[in-house]
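Structure first, then comments.
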Amino acid sequence: MAMIVLVGFMGAGKTTVGHILAERLGTPFVDSDVHIERQLGRSIVDVFAAEGEQHFRELEHRAINELVRGPDAVLALGGGALGDLRTRAILRNTTVVYLRVGYDEALARVRQDRFRPMLQRADLDQIYARRLAAYAEVAAVQVDTNGRRPDAVALDVLRELTRLPSTPPGTSNILVTPVGGTYYAHVGRQLLELTATLLPHSADIEQAVLVESDRDGSTADQVAASITARGISVTRVPIADTETMKTFATAQHVAGRLADVALHANDLVVAVGGEPVCDLAGFVAATFNRGTPLALVPTTLVAQADSAIGGKNAVNLPQGRNLVGAIHQPTVVIADVTTACENQAHGFRAGLAEIAKHALISRSDLLPVVEDLADDACSGNVDAVHQLVTRSVEIKADIVSRDERATGERIVLNYGHTFGHAIDLVSGQVEDQGESVALGMMAAAHLARRQGRIDDVVVDRHRRLLSRLGLPTTGRFDLEAMQRAWLRDKKYRHGVRFVVLNALGGPETGITASADMLAGVLDDLATA
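What the sequence shown shows, in the numbering used here, is residues 31 to 558, in sequence order.
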């Protein structure tokens with residue numbers, strides 16, 4: 031990553047936006063004014079008062095020259111720094127982002143800040159007008175900040191900094207911005223033959239290893255052909271696309287193939303397949319050479335709409351699923367929805383369940399959209415699936431970008447999963463076909479109703495939605511068996527905790543329930 035330098039008038043939000051950008055990019059943030067104050071052991075106000083502005087500008091230039099030559103970072107400059115032509119010159123090898131702000135709004139933001147010596151100038155409006163040309167002259171990117179939240183401004187900056195390749199008309203290009211790396215999720219048609227074009231930094235890649243589903247050979251052929259045509263050497267490693275395959279033995283086999291071809295840090299692992307293949311390839315990429323770049327080409331609905339987004343990957347143990355894993359963000363996700371529609375025997379119903387989950391927990395208008403498109407989506411209509419995958423990815427991307435490691439908001443994505451994973455264990459379900467998560471969401475709805483959080487109308491809307499998607503809404507399960515299963519849940523925290531709704535689009539995490547209440551929930555699930 032090149033040095034990113036934020037410029038703009040006082041009050042543009044350089045420090046606040048800079049902190050957000052640095053967190054999302056996983057790089058340090060430096061404020062040149064703060065750096066100078068720490069070096070001097072004095073405030074800038076004191077320097078202005080004692081030695082004058084000219085003296086400060088010389089100190090400022092020297093500090094910026096030092097910082098630009100140092101380690102890559104997000105660097106915020108003082109509003110007057112670009113008045114020095116020498117400072118403008120040393121920014122040529124950096125990426126300069128100009129945060130635009132109107133004069134009146136800038137003053138409204140900083141009027142009460144007594145640590146800004148320039149606020150005392152009677153000709154401040156003229157200074158503002160003179161500086162605008164300097165900001166625009168050096169900027170590679172300009173983003174308006176007027177009337178906008180800092181996180182929205184930061185997201186626009188990330189979009190501008192992340193190169194968007196040419197994609198077919200109608201493609202949805204969704205920016206995902208977690209701390210572990212910013213990347214695009216491309217959702218559309220006719221994307222497979224463009225794989226090499228969509229790979230970031232493809233000029234640096236000498237070889238790629240395709241970890242591919244043994245039932246997606248034709249899809250992998252298109253991906254391999256695209257990458258090979260770019261002059262990149264391709265090694266193909268087919269594996270079974272099943273949960274039983276996600277073992278240390280398989281991971282060792284795949285990692286061994288990476289070692290055989292001497293895959294280097296600038297090279298690439300490409301996963302082509304459903305959720306199990308993407309999980310396994312992601313785990314190997316996260317651990318081989320302590321981290322190898324990863325591209326995901328999910329081919330099933332559940333992988334496209336859910337699991338390919340957010341960086342989670344894992345292998346299974348005999349004691350449970352996904353117990354050993356890591357968070358390793360891909361460099362790109364390429365979701366050609368045609369493959370999901372052609373692959374309805376694998377991961378399709380599970381994908382519908384995850385789309386339903388995103389609709390129920392979010393405050394977007396996805397729920398009525400899913401209800402309207404349910405029949406078309408179930409029949410494999412590509413337009414309907416494209417729309418639902420896009421909306422689902424947008425919701426998940428927004429959540430995981432704010433909470434990559436599931437320490438807060440990302441936990442809402444477990445809606446239905448705490449019940450569902452236990453149902454998997456007690457029923458002996460191995461491959462995820464969506465039934466367990468669907469039943470888990472119904473159980474969570476019954477729990478929320480019993481706790482007085484929602485009414486029968488919301489429970490019934492769950493039931494009708496899942497039924498429209500061809501998913502089950504009733505099932506009979508033993509409480510003692512479920513409790514034994516919950517003890518194995520990796521999210522267990524001093525007892526089992528659930529995600530429930532206080533309203534449609536209003537999830538709450540960390541909810542407990544007594545054994546008697548859970549028995550009642552299971553009774554509801556068996557009879558409702």
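Cβ coordinates follow ideal geometry from the N, Cα and C atoms, glycine included. Quick caveat, the model's predicted, so the values are computed rather than measured.
{"Asked": "Leu107 vs Val35 beta-carbon contact at 8 Å", "Found": "yes"}
{"Asked": "Pro268 to Phe313 span [Cα, whole Å]", "Found": "16 Å"}
{"Asked": "Alpha helix (DSSP H) segment containing Tyr133, residue limits", "Found": "133-140"}
{"Asked": "Between the CA atoms of Ala93 and Asp390 - distance to the nearest angstrom", "Found": "The identity of residue 390 in the sequence shown is Leu, whereas the question assumes Asp. Cα to Cα, Leu390 sits roughly 51 Å from Ala93."}
{"Asked": "Lys7 classed as buried or exposed, judged by whether at least 16 other C-beta atoms fall within 10 angstroms", "Found": "With the chain covering 31 to 558 only, the question about residue 7 has no answer from this structure."}
{"Asked": "Nearest-angstrom Cα separation, counted from Val430 out to Leu293", "Found": "29 Å"}
{"Asked": "Where Ile269 falls: helix, strand or coil (DSSP)", "Found": "strand"}
{"Asked": "Ala215 to Ala138 span [Cα, whole Å]", "Found": "38 Å"}
{"Asked": "Beta-carbon proximity of Val302 to Leu224, cut-off 8 Å", "Found": "no"}
{"Asked": "Supposed contact pair Ala315 and His358 - C-beta distance, whole angstroms, cut 8 Å", "Found": "6 Å"}
{"Asked": "Inter-residue Cα distance where the pair is Ala344 and Thr124", "Found": "38 Å"}
{"Asked": "C-beta neighbour in chain B for Ile257, strict 8 Å", "Found": "Any reference to chain B falls outside this structure, which holds one protein chain only."}
{"Asked": "Reference Ile87, options Gln142, Ala42, Pro147, closest by Cα", "Found": "Strictly speaking, residue 87 in this sequence is Arg, with Ile absent from that position. Ranking Gln142, Ala42, Pro147 by Cα distance to Arg87 puts Pro147 first."}
{"Asked": "Arg266 and Ala254 closer than 8 Å at C-beta", "Found": "yes"}
{"Asked": "Burial state of Asn348, where buried means 16 or more other Cβ atoms lie within 10 Å", "Found": "Correcting the residue type first, residue 348 is Pro in the shown sequence and not Asn. Burial call: exposed."}
{"Asked": "Boundaries of the beta strand (DSSP E) in which Gln481 is found, first to last residue", "Found": "Unbroken run through Gln481: none, as it is neither H nor E."}
{"Asked": "Three-state secondary structure assigned by DSSP to Glu242", "Found": "strand"}
{"Asked": "Cβ shell of Val168 (< 6 Å), same chain only, five flanking positions each side left out", "Found": "Arg118, Leu121, Val126"}
{"Asked": "Between the CA atoms of Thr201 and Asp402 - distance to the nearest angstrom", "Found": "21 Å"}
{"Asked": "Beta-carbon contacts of Glu273 that lie in its chain and below 6 Å, excluding the five residues immediately before and after", "Found": "Pro306, Val460, Glu461"}
{"Asked": "Inter-residue CB distance, Gly350 and Gly304 (contact presumed, cutoff 8 Å)", "Found": "Between Gly304 and Gly350 the Cβ distance is about 20 Å, and since that is not below 8 Å, they are no contact."}
{"Asked": "Proximity winner among Asp271, Ala478, Val140, relative to Ala375 (alpha-carbon distances)", "Found": "Asp271"}
{"Asked": "Chain-order list of residues whose beta-carbon lies under 8 Å from that of Tyr158 (same chain, five-residue window excluded)", "Found": "Phe39, Tyr133, Ala136"}
{"Asked": "Residues of its chain near Asp63, where Cβ-Cβ distance is below 7 Å and the 5 sequence neighbours each way are ignored", "Found": "Ile74, Gly108"}
{"Asked": "Alpha-carbon spacing of Leu382 relative to Leu397, whole angstroms", "Found": "12 Å"}
{"Asked": "Where the alpha helix (DSSP H) through His376 begins and ends", "Found": "Looking at the DSSP string, His376 is not in any alpha helix (DSSP H), and its letter there is neither H nor E."}
{"Asked": "Selection from Ile541, Leu499, Val488, Val400 that minimises the alpha carbon distance to Asn444", "Found": "Ile541"}
{"Asked": "Endpoints, the beta strand (DSSP E) within which Tyr213 is located", "Found": "213-218"}
{"Asked": "Alpha carbon of Gly110 to alpha carbon of Arg151, nearest angstrom", "Found": "13 Å"}
{"Asked": "Reduced DSSP secondary structure (H/G/I, E/B, other) of Asp174", "Found": "strand"}
{"Asked": "Residue burial classification, Gly71 (beta-carbon count within 10 angstroms, cutoff 16)", "Found": "exposed"}
{"Asked": "Beta-carbon proximity list for Val354, same chain, < 7 Å, skipping 5 on both sides", "Found": "Ala344, Val345, Leu347"}
{"Asked": "Three CB pairs or more closer than 8 Å across the region 404-421 and the region 316-330", "Found": "no"}
{"Asked": "Sufficient close CB pairs (3 or more, under 8 Å) joining the region 520-530 to the region 437-455", "Found": "yes"}
{"Asked": "Under the three-state DSSP convention, the category Phe278 falls into", "Found": "helix"}
{"Asked": "Same chain only: Cβ atoms within 8 Å of Leu509, ignoring 5 sequence neighbours per side", "Found": "Ala545, Leu548, Ala549, Leu552"}
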